[in-house]
Amino acid sequence: MVDQQEIWCVKKKGTWMIPLLEYLKEDRLPANPSKARRWLEKPPNTPSSRNNCIEEVSPSYCSDGESNYVIREAHEGVCGTHIGGRALASKIARVGYYWPTLKHDYMEYVKKYDKCQRFAEAHNAPPKQLHSITSPWSFYKWGVDILGPFPTAPGQIKFLIIAVDYFTKWVEAKPIAMISIERIKRFYWKKIICRFGLPAEIVSDNGTQFASQSTAEFCKQLKIKQLFTLVDHPQSNGQAEPANKVILRGLQKRLKEAKGRWMEELPQVLCSYHTMPHSTINETPFRLTFGIKVVIPVEIGESSPRIALFQPSKNEEELKANLYLLQEAQEIAHVREYAVKARAARRQDKKLVSRKFKCQDLVLLKITRMADNNKLTLG
10 MVDQQEIWCV KKKGTWMIPL LEYLKEDRLP ANPSKARRWL EKPPNTPSSR NNCIEEVSPS
70 YCSDGESNYV IREAHEGVCG THIGGRALAS KIARVGYYWP TLKHDYMEYV KKYDKCQRFA
130 EAHNAPPKQL HSITSPWSFY KWGVDILGPF PTAPGQIKFL IIAVDYFTKW VEAKPIAMIS
190 IERIKRFYWK KIICRFGLPA EIVSDNGTQF ASQSTAEFCK QLKIKQLFTL VDHPQSNGQA
250 EPANKVILRG LQKRLKEAKG RWMEELPQVL CSYHTMPHST INETPFRLTF GIKVVIPVEI
310 GESSPRIALF QPSKNEEELK ANLYLLQEAQ EIAHVREYAV KARAARRQDK KLVSRKFKCQ
370 DLVLLKITRM ADNNKLTLG
């Protein structure tokens, strides 16, 4: 019975074991001063030097060539299951194989293995800090987007242009039959400029209808700054995308089998959106836009206090008071929105996993197919 474990290798040329053998057998320190000082302060942590192991396994010390074989066989060999780098390193260490960079080598190998990358679970952790988009006052910044194609409505209508004010959350929408540059410019002029004045900024995607030279010249003449979102990253248009979801969800709930009636149901959906308090501002878009609370149909069928106690002689004074108080309500909503977005940014930043790429780094690009169904398909 052999009581003392021995470390040996067939070839001594160019292996990491030579300095370790000399140190363990002859107490000879390596020639490198920094490594020698480190070994004196903390001896090398090898399996043979551990006295508190759960299982006493005679260690098998691997050279560079042997370690490469162990990595491949344990990862994708007969009994390999393509497990993660840390779990794989622990499994091999328990069996008894050892080399100084065991964990690092396995982690790097798994990161670069093709099939492990292709079939790995999607990484949902945010790669960068959250930067919230705000607007200093009403109708300063608009987010514009196009929805569709929808089921064809009368007049061959199957697209919808949406514009959302970043401050009041007010929505303007226009159904159209086809997407063109002239229709976009006409929408800007009639639905935004003529109704709410010239905006300072318009945020949209990089579609031809938004980024064309004709549209750019139109905006330049009116001193409107165009901002474009990243390709395949609609979340950059932080106000238009949430409004799109609410409008689509409202249309889906109001429609039954005749989905071509979506254009007829659109005004009711927009009315509901404008009279619903938003979680970030705790106010309705209607009140932040016009300074008063909207009268909804239910107040006519079952009289509310303001309808029952309405006095025409005092109405004009009340309207003036509402206009005087509108600026204060808008400022409170602006502060509340900033606080909500700041809290959301702090929560997301706690989950941050930074991912940085350098020039000539290889990345795996996942191409997702567009859904064949239209956006009003009921699930």
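Here the sequence shown stands for residues 10 to 388, where the numbers follow the working numbering.
Glycine included, each C-beta is placed from N, C-alpha and C at the ideal position.
Given the structure is predicted, the values throughout are model-derived calculations rather than measurements.
Among I193, K178 and W179, which one has its Cα closest to the Cα of I185? Stepping through the sequence shown from its first residue, residue 185 is reached at position 176. Residue I193 is the option with its Cα nearest to I185.
Only counting the same chain, and skipping five residues up and downstream in sequence, which positions put a Cβ closer than 7 Å to that of D114? By one-based count along the sequence shown, residue 114 stands at place 105. For D114, where only same-chain residues beyond five positions count, the Cβ hits under 7 Å are S76 and I80.
Could you tell me which of G157, S144, F196 and E340 sits nearest to L257, measuring between CA atoms? Position 248 of the sequence shown holds residue 257. Comparing Cα-Cα distances from L257 to each of G157, S144, F196 and E340, the minimum goes to G157.
Which partner residues of F168 appear in the DSSP bridge assignment? Mapped onto the sequence shown, residue 168 falls at position 159. F168 pairs with I185.
Am I right that P208 and W151 are in contact with their C-beta atoms under 8 Å? What's the rounded C-beta distance? To locate residue 208, count along the sequence shown from 1; it is residue 199. To locate residue 151, count along the sequence shown from 1; it is residue 142. Rounded, the Cβ-Cβ distance is 5 Å, consistent with contact.
From E292, C228, S43 and P276, residue whose alpha carbon lies closest to that of A338: Mapped onto the sequence shown, residue 338 falls at position 329. Of the candidates E292, C228, S43 and P276, E292 places its Cα closest to the Cα of A338.
Measure from the alpha carbon of R213 to the alpha carbon of each residue in P286, R204, T224 and V255, then state which is nearest. The residue you call residue 213 lines up with position 204 of the sequence shown. The residue asked about is misnamed: residue 213 is Ser in this sequence, not Arg. Across the set P286, R204, T224 and V255, the C-alpha of T224 shows the shortest separation from the C-alpha of S213.
Q235 - DSSP class collapsed to helix/strand/coil: Along the sequence shown, one-based indexing puts residue 235 at 226. Strand.
Between the C-alpha atoms of Y197 and E226, what's the straight-line distance to the nearest angstrom? Within the sequence shown, the letter at position 188 stands for residue 197. Within the sequence shown, the letter at position 217 stands for residue 226. Those two C-alpha atoms are separated by around 13 Å.
Is the segment 166-182 in contact with the segment 295-311, if contact means three or more CB pairs nearer than 8 Å? Taking 8 Å as the limit for Cβ pairs, the verdict is that the segment 295-311 does touch the segment 166-182.
Could you give the residue range of the alpha helix (DSSP H) that holds G259? If you number the sequence shown from 1, residue 259 lands on position 250. First-last of the alpha helix (DSSP H) with G259: A249 to R263.
Can you tell me where the beta strand (DSSP E) with V362 in it begins and where it stops? If you number the sequence shown from 1, residue 362 lands on position 353. Taken as a continuous stretch (DSSP letters only), V362 belongs to no beta strand (DSSP E), as it is neither H nor E.
Please state if the CB of K183 and the CB of I201 are separated by a distance shorter than 8 Å. Translated into positions along the sequence shown, residue 201 becomes position 192. Translated into positions along the sequence shown, residue 183 becomes position 174. Going by C-beta atoms, I201 is not nearer than 8 Å to K183.
Give a yes or no on whether the C-beta atoms belonging to A220 and F237 are separated by under 8 Å. Taking the first residue of the sequence shown as 1, we reach residue 220 at position 211. Taking the first residue of the sequence shown as 1, we reach residue 237 at position 228. Yes.
CB-CB length for P39 against P28, believed under 8 Å: What you label residue 39 is simply residue 30 of the sequence shown in a count that begins at 1. What you label residue 28 is simply residue 19 of the sequence shown in a count that begins at 1. Correct: roughly 4 Å between the Cβ atoms.
Beta carbon of G259, beta carbon of S281: below 8 Å? For this step, residue 259 is matched to residue 250 along the sequence shown. For this step, residue 281 is matched to residue 272 along the sequence shown. In this structure, S281 lies closer than 8 Å to G259 by Cβ.
Short of 6 Å in beta carbon distance, which residues of its chain neighbour A45, apart from the five on each side in sequence? Order them along the chain. Start at 1 with the first residue of the sequence shown, and residue 45 comes out as number 36. A distance below 6 Å between beta-carbons, with the five flanking residues on each side excluded, links A45 to the following residues of its chain, in chain order: L38 and P39.
Between the Cα of K199 and the Cα atoms of A172, A249 and K232, which residue gives the shortest distance? Position 190 of the sequence shown, counted from the first residue, corresponds to residue 199. Among A172, A249 and K232, the Cα nearest to that of K199 is on A172.
Can you give me the C-alpha to C-alpha distance between Q222 and G216, rounded to a whole angstrom? Position 213 of the sequence shown holds residue 222. Position 207 of the sequence shown holds residue 216. Rounded to the nearest angstrom, the gap between the Cα atoms of Q222 and G216 is 12 Å.
For V303, which of N331, P321, I233 and H343 has the nearest alpha-carbon? The count along the sequence shown starts at 1 and reaches residue 303 at position 294. Relative to V303, the option among N331, P321, I233 and H343 whose CA is nearest is N331.
Could you spell out the range, first to last residue, of the alpha helix (DSSP H) harbouring V278? Against the sequence shown, residue 278 aligns to sequence position 269. Boundaries of the alpha helix (DSSP H) around V278: W271 to H283.
I'd like the list of long-range same chain contacts for L373, defined as Cβ closer than 6 Å, with 5 residues on each side in sequence excluded. Taking the first residue of the sequence shown as 1, we reach residue 373 at position 364. The beta carbon of L373 sits closer than 6 Å to the beta carbons of Q126 from its chain, once the five residues preceding and following it are set aside; these are given in chain order.
Going by beta-carbon coordinates alone, are A354 and S144 separated by less than 8 Å? Numbered from its first residue, the sequence shown carries residue 354 at position 345. Numbered from its first residue, the sequence shown carries residue 144 at position 135. In this structure, A354 sits away from S144, with a CB-CB distance that is not shorter than 8 Å.
Cβ atoms of L139 and D358: under 8 Å apart, would you say? The residue given as residue 358 occupies position 349 in the sequence shown. The residue given as residue 139 occupies position 130 in the sequence shown. Contact: yes.
Exposed or buried, which one is C368 when buried takes at least 16 other CB atoms within 10 Å? For the purposes of this step, residue 368 is taken as the residue at position 359 of the sequence shown. Label assigned to C368: exposed.
Cutoff 8 Å; reference I376; Cβ partners in own chain excluding five residues on either side: In the sequence shown, residue 376 corresponds to position 367, counting from 1. Around I376, the same chain offers no residue with a beta carbon nearer than 8 Å, after the five sequence neighbours per side are excluded.
Mapping DSSP to helix, strand and coil, what is K268? For the purposes of this step, residue 268 is taken as residue 259 along the sequence shown, with counting starting at 1. The answer is helix: DSSP assigns K268 an H, G or I state.
By DSSP, does C368 sit in helix, in strand, or in coil? Working through the sequence shown from its first residue, we reach residue 368 at position 359. Three-state DSSP puts C368 in coil, outside helix and strand.
What number of angstroms, rounded off, separates the C-alpha of N324 from the C-alpha of K360? Counting from 1 along the sequence shown, the entry for residue 324 is found at position 315. Counting from 1 along the sequence shown, the entry for residue 360 is found at position 351. Taking C-alpha positions only, N324 is separated from K360 by approximately 52 Å.
Since A162 sits in a beta bridge, which residues does DSSP pair it with? Translated into positions along the sequence shown, residue 162 becomes position 153. According to DSSP, A162 bridges with I166.
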